[in-house]
Each structure stands twice: as C-alpha cells, then as structure tokens.
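A.B. asks: I have a structure I would like to understand better, so I am pasting it below and will then ask my questions one at a time.
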Amino acid sequence: MLKYLVVIGVIAFVYFVFIKKKPLKSTKKQDDDTKANEMVECYKCHIYCELDEAILSNGHYYCCESCLKG
Ligand SMILES: [Zn+2]
Numbered sequence: 168m169l170k171y172l173v174v175i176g177v178i179a180f181v182y183f184v185f186i187k188k189k190p191l192k193s194t195k196k197q198d199d200d201t202k203a204n205e206m207v208e209c210y211k212c213h214i215y216c217e218l219d220e221a222i223l224s225n226g227h228y229y230c231c232e233s234c235l236k237g
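Take our numbering: the final residue in the sequence shown is number 237, and no numbers are missing along the way.
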C-alpha cells in the first residue's frame, strides 16, 4: 500500500511539475511574441531595447540600471 502511495506521489509530482511548467513556458513565449514589436529607446544611450527589459523612470525608458543612474 505504501509503495502505491509513493508511486502515485511521484507521478503526481511529475505531472504537477509538467503541467505547471508547460503553460508557464508557452504563456511567456506568447508574451514575448506580443511584446517583441514593442521596442523603446533608452533615454540615455539611445539604444533600443524591449519594453519588457526597459526600466521606466520619470516618464523615460532606460535600457539598464547604469543608464538610469548615469
Ligand atoms: Zn541605455
């Protein structure tokens, strides 16, 4: 009986990890696809970076923290 519980537990765990991981990945990919076109110019160095990765501060986008500080 205990053996069955362990097997079921392992299967449930693998299943849970699989199910939990898969939609997360596809959702992120979809997110990346939809946001791929959204590029913003860094206020400091004028490099274009994805909106996802840009830092918004005082109404301006920055590509990284060093641009934000400098
Ligand atoms: Zn920059």
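In this text, a Cβ means the ideal position worked out from N, Cα and C, and glycines have one as well.
Between isoleucine 214 and ligand 2, is there a pair consisting of the residue's CB and a ligand heavy atom that are separated by less than 7 Å?
C.D. replies: Ligands in the displayed structure: ligand 1; ligand 2 is not one of them.
A.B. asks: Run the CB neighbour count on alanine 221, radius 10 Å, all protein chains shown included, and call it buried at 16 or more, exposed below.
C.D. replies: By the 10 Å Cβ count, alanine 221 comes out buried.
A.B. asks: Name the one or two DSSP bridge partners that serine 224 has.
C.D. replies: The partner list for serine 224 (beta bridge, DSSP) reads His227.
A.B. asks: Tell me where the alpha helix (DSSP H) around threonine 234 begins and ends.
C.D. replies: Going by the sequence as given, residue 234 is cysteine instead of threonine. Segment 232 to 236, the alpha helix (DSSP H) holding cysteine 234.
A.B. asks: Let me check one thing: in DSSP terms, what residues is valine 207 bridge-paired to?
C.D. replies: In the DSSP output, where bridge partners are listed per residue, valine 207 has Cys216.
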